[in-house]
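Working notes, beginning with the structure itself.
There are 2 protein chains.
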Amino acid sequence: MSEPSTGRRRSRGKREARDGAPGQNPHLERPYIKRGIPTYDILGEDALQQIEATADRIMAEIGIEFRDDSDTVEMFRKAGGEVTQLDDTRWNTKFAPGMIREILKTAPAVFTQHARNPANNVEVGGDNVIFAPSYGSPFVMDLDKGRRYGTLEDFQNFVKLGQMSPWLHHSGGTVCEPTDVPVNKRHLDMVYAHMRYSDRPFLGSVTAPERAADSVEMCRVLFGADFVDQNCVIMGNFNTTSPLVMDGITTQGIREYAKAGQGSIHLPFLLGGAVSPLTMAGSIAQCLAESMVSCAVAQLERPGAPVVLASFLSSMSLRSGSPTFGTAEPAVGSLVYGQLARRLNLPLRCAGNFSTSKLPDAQAMQQAMMSMMSAVQCGANYLLHSAGFLDGLLSMSYEKFMLDLDLCGALHSYYDGVVVTEDTLGFDALAEKGPGEHLFATAHTLRHYKTAYYDSALDDNQPWETWDEQGEIDMATRANTRWKAQLAAYEAPGMDPATDEALKDFVARKKASMDDAWY
Amino acid sequence: MSEPSTGRRRSRGKREARDGAPGQNPHLERPYIKRGIPTYDILGEDALQQIEATADRIMAEIGIEFRDDSDTVEMFRKAGGEVTQLDDTRWNTKFAPGMIREILKTAPAVFTQHARNPANNVEVGGDNVIFAPSYGSPFVMDLDKGRRYGTLEDFQNFVKLGQMSPWLHHSGGTVCEPTDVPVNKRHLDMVYAHMRYSDRPFLGSVTAPERAADSVEMCRVLFGADFVDQNCVIMGNFNTTSPLVMDGITTQGIREYAKAGQGSIHLPFLLGGAVSPLTMAGSIAQCLAESMVSCAVAQLERPGAPVVLASFLSSMSLRSGSPTFGTAEPAVGSLVYGQLARRLNLPLRCAGNFSTSKLPDAQAMQQAMMSMMSAVQCGANYLLHSAGFLDGLLSMSYEKFMLDLDLCGALHSYYDGVVVTEDTLGFDALAEKGPGEHLFATAHTLRHYKTAYYDSALDDNQPWETWDEQGEIDMATRANTRWKAQLAAYEAPGMDPATDEALKDFVARKKASMDDAWY
């Protein structure tokens, strides 16, 4: 393992904090958030039990269809699943009520994902909260060049911008698709970029079992093989094929991560009415069933492997059938899903800064807030899609990335809630001058001046006249200025040159070992 | 009282619903919302008691300063207050712990505010939620003409746009300042506009006791004097003069409304660090003390008069001292204030769609959502500032008004929460085709297709290519198109001509009775 130094965090923001540039809030910086407020629980016991019973019925009476992975089917058969072979490559498997729940008892409620800089290790589960950038967009966009396919340079840019922000805790995974790199080699460049340009934890490849294996192998180079065997240093984000199907690429990938003792996230991506019932209660039940079975694949492969229960609840336009993101119904659905995750005692990934807008405009942030606040309040532990999401996840936006980062900063303060002490109650501050006198100069005000409120990097709070004189600049334009300034100021965190060489060598050898594939 | 017919609601939207224009959601229309989700309670019993004890100490040890209204001081003296005369026009009054709480026991937990159309009556308090437009901006703005002083025409426009929307439940009060009308006559035109162009409940004038009296008198013309004496048909929104002062205009106005059996809202507008402690716990305690004493003025004048406890918690820029709105700290503060209001068993006004942005941009909706969701979740009953708020309340924006209305519609669905029944659990829908098959054509999907998700009037959910071909229009521009189309389609709700004449006559006589005053 390379020898990271906590001092390297200095490359991210500390210098700016000293000269007081906008958006610095050193009192709020932390490697991950520990929530100071309770979750928002909206459903009572009876309703929760009805949803759980429906999930049980789905698993017991409809079953999950596995494809192209007889080993996974065999694991479930041995564990008590009722397998029906449908054809050469497809098996339906039904699970008696309680069976999957029993298997999941070996999964940890909380686990550590290690970063190459130990100061950036994150705790996944419990009251802990981790913000990670958006994941999986083929396009990128910015105000200067509009929408275009993502490249490796874009990918590296987003990793760098994330690394520079104190308000993310995790480097994410496919921050955008580097479409200028062959499909079968992208994972090598992506994993290297996370390792080299960030010193936070990250996600590895899931698009093929051998790419998952490469991701883990690169971690062995970076962290050392023994360390990797004993600790979670990488996670994969796996989607079920809803409704109720798990393909072989996915189940083999999950097992690859689990076998190595690494983490996996188990995500049903449910567009209500398309791949799940149109009504939210039904989508939630199906989501629970799918994610539980997916988590169980990892537990059967290696009991105790870290897993994250997940949900991506979505809606559709009642006019066109188009998917819609950041709407009200999935937001309340996510609150319920959080309650169910806690009853399973599993870490949760849920929602994020979703939007269908094509611009970093009012729609973008209205929808993002609807979705993101549900993630905050439902008790989600790992918030993928915390920054950059636009265009229904088809585009990663440079400006939206900065808007979302600024929001993530404010959420650090939100999670702290209202602290009640003699000092914060401020009776003496009010008594000092009494009725009718302002409190600007009280000792209490001066004492709390720098920490009472989050200082936004992007909000305009000036008088209208000043804003007008300065050119009537909107928030998206301010974000455009900011991401360029941030990228220009980026400095890579230090890395032992021998480790860097070993990683580059691994990438080069792997790339040389196969022809380019573009699909 | 004029004879309103429930059929008049037809002028608002029903026709549009039939031909399926965007934004119609007839299943969500209702005269006010009854919340289907619990409140979000973030503080425990000990912390709540500490805040209440601090509010008690503020009232008992610092006291409230009354100005220019010896009658109010005399009422409190008789009720047990400890009065110290400071000079000819100022008195400090201290209240023993529990005294104000005892006085407030006569206030109703829930009351009805009547509209001239009884179908639009609202219930204030309990689980009921009422959205009202923003209040008090001297300026208006739109994308075509930018910012300028508000006029009576603007005022009428906002009343009309509000009336046309199914997502507001109340016509509000000073939707903008009609600065082209003399200050001492504005209230007459404003109250007339609410009565004539809307058939929902509204707020009256509070800027002088005689204007409060005129507002009530006009209600007697519209509803009949006996009806007004027995029912709440108008409310006034009264601000304390923080910290801890109540001026005579305010206390006399409160008594004017209470004397007539009408409602009053009791609002401390607290900019933390300026007129209240910088730390949120202290602001909340002070807010509670001020609003409770203000409510007590009404109860002493006429026990049982409808009152609404209120809060407007705000923060400031740590750089400039400028007020900031829609930030995280007041949002969590509002959640706590909601808990305190319920312990007093009083209706609550709290937060709204706040922003300091000068444009209907990303900042506007990010901040608006932060604040509005806190109002939704804290259990607020009356949400003033639900639509139009920009520029730190200095400007009422036509476009923001439409954005906020669309959000208010979505919140109707949010408040319904997740409904769990055999039908919404949708097991049969999933079982119908089984794993791997989409659900577009299931009976369940077809049955719920029109009501499962809110249909936004303004969101763009199209594919990027379609949006691009149509001119890359942002949400603010869509809102600009929409408010113009809505205004062009406006039809006034019917009114008995004799009542209309009587109202116009009252306004004309009052205006003729005094010279214009412009300050």
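Sequences listed follow chains W and A, in order. Each residue of the first sequence is one higher than the one before, starting from 1 at the first, in the working numbering. Each residue of the second sequence is one higher than the one before, starting from 1001 at the first, in the working numbering. Glycine included, each C-beta is placed from N, C-alpha and C at the ideal position.
8 angstroms Cβ cutoff, residue i in contact with chain A
i	result
W:G173	no
W:G388	no
W:L487	no
W:Q85	no
W:H444	yes
W:E82	no
W:M365	yes
W:R482	no
W:S315	yes
W:G7	Bear in mind that a pLDDT of 34 at W:G7, under 50, signals an unreliable position, so the model cannot answer this.
W:A410	yes
W:Q163	no
W:S291	no
Residue-chain proximity (residue i, chain W), Cβ-Cβ < 8 angstroms
i	result
A:N1092	yes
A:S1397	no
A:F1354	no
A:Q1470	no
A:G1013	With a pLDDT of only 39 at A:G1013, under the threshold of 50, the placement of this residue in the model should not be trusted; the figure read from the coordinates follows. So, not an interface residue.
A:D1144	no
A:E1329	yes
A:D1459	yes
8 angstroms CB neighbourhood of residue i in its chain, flanking five on each side removed
i	result
A:W1518	P1182, V1183
A:E1082	G1063, T1093, K1094, F1095, A1096
A:K1511	K1185, L1188
Close-in-space but distant-in-sequence residues of the same chain around residue i (CB under 7 angstroms, 5 per side omitted)
i	result
W:R220	V228
W:L152	P178, D180, V181, D189
A:N1025	G1409, Y1454, D1455
W:G36	Y415, D416, G417
W:R8	Low confidence applies here, because W:R8 scores a pLDDT of 36, under 50, leaving its location unreliable and the question unanswered by this model.
Chain-ordered neighbours of residue i on chain A, where CB pairs are closer than 7 angstroms
i	result
W:C464	According to the sequence displayed, residue 464 of chain W carries Trp and not Cys. By Cβ distance, chain A contributes R1147, K1358, D1391, L1394.
W:G417	I1042, V1332
W:A285	L1425
Closer than 8 angstroms at the beta carbon, the chain A residues around residue i
i	result
W:Y449	G1273, L1278, L1318
W:A341	Per Cβ cutoff of 8 angstroms: no residues; W:A341 is ~15 angstroms from chain A at best.
W:W467	K1358
W:L244	L1430, G1434, P1435, G1436
W:L439	P1243, G1273, A1274, V1275, S1276, P1277, L1278
W:A351	By Cβ distance, chain A contributes nothing, its closest Cβ being about 14 angstroms from W:A351, past 8 angstroms.
W:A281	V1418, V1419, V1420, T1421, T1424, L1425, G1426
W:E153	Under the 8 angstroms cutoff, chain A gives no residues; its nearest Cβ is about 22 angstroms from W:E153.
Residues that residue i contacts on chain W, provided the C-beta gap is smaller than 8 angstroms
i	result
A:F1227	Result: empty, since nearest Cβ-Cβ is about 38 angstroms, beyond 8 angstroms.
A:T1179	Within chain W, no residue comes near A:T1179; the closest Cβ sits about 16 angstroms away, beyond 8 angstroms.
A:D1361	D361, A362, D474, M475, A476
Neighbourhood of residue i by C-beta, 6 angstroms cutoff - its chain only, sequence neighbours within 5 removed
i	result
A:A1213	E1256
A:T1240	M1246, P1268, E1290, S1294
W:P330	L313, S314, S315
A:M1292	I1100
Whole-angstrom C-beta distance between residue j and residue i, which should lie under 8 angstroms
i	j	result
A:A1274	W:F440	6 angstroms
A:S1264	W:N461	With a Cβ gap of about 31 angstroms, A:S1264 and W:N461 do not count as contacting.
W:A109	W:N345	5 angstroms
W:A208	W:I249	6 angstroms
A:F1238	A:V1216	With a Cβ gap of about 14 angstroms, A:F1238 and A:V1216 do not count as contacting.
Interface residues of chain A facing residue i [CB-CB closer than 9 angstroms]
i	result
W:T251	Simply none; closest approach about 14 angstroms.
W:Q50	V1420, T1421, E1422, L1425
W:I58	F1427, L1430, A1431
The ligand SAM heavy atom lying under 7 angstroms from the CB of residue i
i	result
A:A1047	The model depicted lacks the ligand SAM and carries no ligand whatsoever.
*When you check each C-beta in the region 18-48 of chain W against every C-beta of chain A, which residues fall closer than 7 angstroms?*
I37, P38, Y40, I42, L43, A47
*Taking Cβ-Cβ distances below 8 angstroms as the criterion, which residues of the region 1087-1112 of chain A are in contact with chain W?*
N1092
*Selection of the region 368-389 of chain W by Cβ proximity to chain A, strictly under 8 angstroms*: A368, M369, M370, M373, Q377
*Just by C-beta distance, which residues in the region 1060-1080 of chain A are closer than 8 angstroms to chain W?*
E1061, I1062, G1063, I1064, E1065
_Please list, in chain order, the residues of the region 110-130 of chain W that have any C-beta partner in chain A closer than 9 angstroms._
none
*Residues in the region 1197-1230 of chain A having any Cβ partner in chain W nearer than 7 angstroms*: none
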